[in-house]
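Comments concern the structure below.
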Amino acid sequence: MVWFRVGSGVGSVAKHAIRRTLCQGGSYATRTRVLPSQNRYFHSTVLKSKAQAAPVPRPVPLSRLTDSFLDGTSSVYLEELQRAWEADPNSVDESWDNFFRNFVGQAATSPGISGQTIQESMRLLLLVRAYQVNGHMKAKLDPLGLEEREIPDDLDPALYGFTEADLDREFFLGVWRMAGFLSENRPVQTLRAILTRLEQAYCGSIGYEYMHIADRDKCNWLRDKIETPTPRQYNQQRREVILDRLIWSTQFENFLATKWTAAKRGGRRIHLSLVANPSHLEAVDPVVVGKTRAKQYYSNDLDRTKNIGVLIHGDGSFAGQGVVYETLHLSALPNYTTGGTIHIVVNNQVAFTTDPRSGRSSQYCTDVAKALNAPIFHVNGDDMEAVVHVCELAAEWRQTFHSDVVVDVVCYRRFGHNEIDEPSFTQPKMYKVIRNHPSALEIYQKKLLELGQATQEDIDRVQNKVNTILNEEFLASKDYVPNRRDWLSAYWAGFKSPEQISRVRNTGVRPEILKNVGKAITTLPENFKAHRAVKKIFDLRAQMIETGEGIDWAVGEALAFATLLVEGNHVRLSGQDVERGTFSHRHSVIHDQETGERYCPLDHVIMNQNEEMFTVSNSSLSEFGVLGFELGYSMENPNALVMWEAQFGDFANGAQVIFDQFLSSGESKWLRQTGLVVLLPHGYDGQGPEHSSARLERFLQMSDDNPYVIPEMDPTLRKQIQECNWQIVNVTTPANYFHVLRRQIHREFRKPLIVMSPKNLLRHKDCKSNLSEFDDVQGHPGFDKQGTRFKRLIKDQNDHSSLEEGIRRLILCSGKVYYELDEQRKKVKANDVAICRVEQLCPFPYDLAQRELKRYPNAEIVWCQEEPMNMGAYNYILPRLCTAMKEVDRGTVEDVKYVGRAPSAATATGFSSLHTKEQTELVQKALQPEPINYPF
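Counting along the sequence shown from 1, when you hit position 312 you're at 312 in full-length UniProt numbering, and nothing is skipped either side.
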């Protein structure tokens, strides 16, 4: 925002000209710093003035202003603007209208207002703006007084032609239609009064950055708050509260130092719920924001004012970690916004041992937030009331404008990075000062004692109270037994821990419900002009529902979503391009080709459906930030199917920190359950090493089930999934995909689900299911002796009996390679080969694997996969399959043959022809008539 917006084509020229030629007779040094011997308003910039005394202003006609005012022909231009304004004030820009009303309009009736006066007033206005833009550079932010910062030339009154002799002269400022002290009805003020106000507002213990915000109303709101003549005043009651909180934090830190002298320590007390946070810097940011959004949904917080996210950052990590930027850029996206997050940066002025000059390229660690037009309040951490003030201002901004705001608390770290670290090795000068520097508590206590608002007895009483409570709680903690229920919110009441048996439930749905929701998700509004190809897709989908045959992947997924919605569950799916689907298969949001109007069939499954009950949303091009957001969202309430889909599974490793530190280990570390579903498109289709593999092996390697111990597998006693850290599946039919999604909700516990989702199976001619496989009718294809539910292993489809001694080879595989194997089997008429699909890789289905091993007692056992040997499921499956074989006396590890690609550094070849050759060879080898050598 600028004070004067020059007309089209001359704005930037005029602005630079003003900077170059504001003072006709002076030249200035380029470097500035404050000198003690000079007046506090003037810097070391030397004004080489031709006259020592300021000239007495004399009336000068506007037409006779010298060109040095704006450079070149600017006086002529100004004169033309004046004539245009006199003829019609609306014909010029609002800022020029303001200017002429204040100066030229009043000059006609006020002989004292001259061209000289106008020049000086213009220069004063530029000085005011300079303080608003750069005043923070002069603010006293470093409590240690070590920071050496150059004060910009803009803040030197000499740059604008003023000298110390002008301090008590009165200058005409006018009355402006804007906020701050310029809005006051005081058109004439002394230079000293103006500078005093600017110094108080912008150069005290708080440095304000807000002039980068391209919104006049927001800037004016802040100016009103910042430039108010009333200084911050807290009454005695408020100061007692501040003192109490300060004593609590200081005494708590001292208490920890006494009890645990060599351990890392940390404790924060905030009103909102605290999210478990790993040591991976800033990784928790999107998790907090996602959980805040979920809280707003479940509490019907439509205006987003009752639930606020507060993030605590470090200075080094705020500038250095990319997830900060990813999280900031979710803040205004429709399906990710929380109405603003309050960011508090604890700025220790050093990151572990790294100085800021080595840790960032920008002036401040918070500069990244400027990309979002967030106001940034820098504050000296030793000025306790200034800290309180900016936090209150930040909260008020958030509630008023519903956008992010940053508080940068500039402080220091008294004991180094951890309590056994010696910071003087790398910051000797800083820690020499710190050792002799009073604490924030000591400074504030001294202030209150001097003001007479507290006595030493008052202070001692609070300190004794805090110490007593801390010691009592410490003694009580020795007998404390943690209860898992203590860690769960009300929404999780009734959910079971791994120690409690949760019965397996059927996931089939009544046929009439399937038909009803099927009609809803395949019907478009009558006058909606969908794309011709999309209209054809929906016509085919309607036919699938009508006939009950040929249900494809997208319809199976939509049926899972719709039936869960009918049952009252919230469903949320996000990720890059998920509305249409990366592979143009989903089409959950359709666009009218004439009006651009959007229509989502799943928003119309039940009467008066909440518009957010089903949410499908394209995300920003982020993995780390968006996956973290959805994880946080899923943790708030178990009665929701929350899903994140990667554009390709290969890109999921951009969010590896979330998988490692939260999703795979969160329940073990923090007793926090989540039912988040992660869809990772995976499969070898000749698309090269960047678009073939979701790195299935990495997820399996992080699984915590013991490969040498078979757990209880009886259906009524089985706790295998409950005791495992997550589930990993590679599903091959739409019906099984339907059931695995519904299984996430229809159980009494929650576990993350990692899905190696298909690509070419989305439209594969054989990857179809009948509607009867989705229902709960006894005798239908999907119904077995346990009911209709997800099949962890799909047996051979050739209707084999329970004992098939003539089968020479049993191929176990997972994913889309099954269809290629089945096609090759038909081609070579290898009817003596059985192919079973392991749909749930983790936890391994020992009982079903043993069932198939017993069914084919004479069969050679083969594991077949598309991935290289050092990738895919082979190294996970091998020890578990051998454990299952050992239990039924079917051999050892040498009896398991491998068919797949050879070990490789890259996931896949980049040559399509080579891919085809490799794929053909592995499929042929799996079906070859001769035995397969060990291991391959």
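Where a beta carbon is used, it is the ideal one built from N, C-alpha and C, also for glycine.
Starting from residue i and walking both ways along the alpha helix (DSSP H), at which residues does that stretch end?
| i | result |
| --- | --- |
| V288 | D285 to Y298 |
| Q399 | M384 to F401 |
| S617 | Element bounds for S617: not the alpha helix (DSSP H) but the beta strand (DSSP E), F614 to N618. |
| D847 | Y846 to R855 |
| D685 | Segment: none, D685 is in no alpha helix (DSSP H) and carries neither H nor E. |
| R435 | P428 to R435 |
| M607 | Segment: none, M607 is in no alpha helix (DSSP H) and carries neither H nor E. |
| Y491 | Looking at the DSSP string, Y491 is not in any alpha helix (DSSP H), and its letter there is neither H nor E. |
| M885 | Y874 to E887 |
For residue i, which residues does DSSP report across the bridge?
| i | result |
| --- | --- |
| L643 | With the sequence shown as reference, residue 643 is identified as Met, and Leu is not the correct amino acid for it. According to DSSP, M643 bridges with L573 and V677. |
| L311 | H343 |
| Q720 | DSSP, once it has assigned bridges, lists no residue as partnering Q720. |
| L812 | C836 and W863 |
| A351 | T354 |
| L753 | V677 and Q727 |
| S769 | I551 |
| V410 | N347 and N380 |
| H212 | Beta-bridge pairing links H212 to no other residue. |
| G787 | D784 |
| C842 | I728 |
Give me the Cα-Cα distance between residue i and residue j, rounded to the nearest whole angstrom.
| i | j | result |
| --- | --- | --- |
| F749 | N639 | 11 Å |
| V155 | Y202 | With the sequence shown as reference, residue 155 is identified as Leu, and Val is not the correct amino acid for it. So the two alpha carbons sit approximately 11 Å from each other. |
| V833 | E611 | 51 Å |
| L127 | P157 | 7 Å |
| K48 | F629 | Bear in mind that a pLDDT of 36 at K48, under 50, signals an unreliable position, so the model cannot answer this. |
| L311 | Y633 | 16 Å |
| H800 | Y856 | 10 Å |
| Y325 | A165 | 49 Å |
| R672 | R742 | 21 Å |
| R239 | R192 | 32 Å |
| V555 | Q500 | 35 Å |
| L922 | K765 | 22 Å |
| N134 | N300 | 42 Å |
| D552 | L771 | 10 Å |
| Q38 | F255 | At Q38, the pLDDT of 40 sits below 50, so the modelled position is not reliable; the number obtained from the coordinates is stated separately. In a straight line, the C-alpha of Q38 is about 47 Å away from that of F255. |
| N875 | E697 | 8 Å |
| C411 | T563 | 54 Å |
| Q233 | E385 | 9 Å |
| T337 | Q744 | 26 Å |
| L676 | Y708 | 28 Å |
| K225 | G309 | 23 Å |
| P868 | T907 | 7 Å |
| S362 | G320 | 11 Å |
| Q52 | R186 | The pLDDT assigned to Q52 is 38, lower than 50, so where the model puts this residue is not dependable, and the model offers no usable value. |
| F659 | K816 | 25 Å |
Classify residue i as helix, strand or coil using the three-state DSSP reduction.
| i | result |
| --- | --- |
| P423 | helix |
| F624 | helix |
| W726 | coil |
| R186 | coil |
| R269 | Confidence in R269 is poor, its pLDDT being 47 and thus under 50, which makes the residue's placement unreliable; the coordinate value appears in the next sentence. It is coil, neither helix nor strand. |
| T73 | Reliability fails at T73, whose pLDDT of 41 lies under 50, so the model's placement of it is uncertain and no value is given. |
| C219 | helix |
| Y599 | strand |
| V509 | strand |
| D166 | helix |
| V323 | helix |
| L700 | helix |
Could you round the C-beta distance between residue i and residue j to whole angstroms and report it? I think they count as a contact, below 8 Å.
| i | j | result |
| --- | --- | --- |
| I932 | V899 | 7 Å |
| Q200 | F171 | Not confirmed; about 18 Å, so no contact. |
| A652 | L621 | Contact flag wrong, Cβ pair sits at about 14 Å. |
Which residue comes first and which comes last in the beta strand (DSSP E) that contains residue i?
| i | result |
| --- | --- |
| W670 | Not the beta strand (DSSP E): W670 falls in the alpha helix (DSSP H), residues G666 to W670. |
| F377 | I376 to N380 |
| C864 | E860 to P868 |
| G207 | I206 to E209 |
| K897 | V896 to R901 |
| F171 | E170 to F172 |
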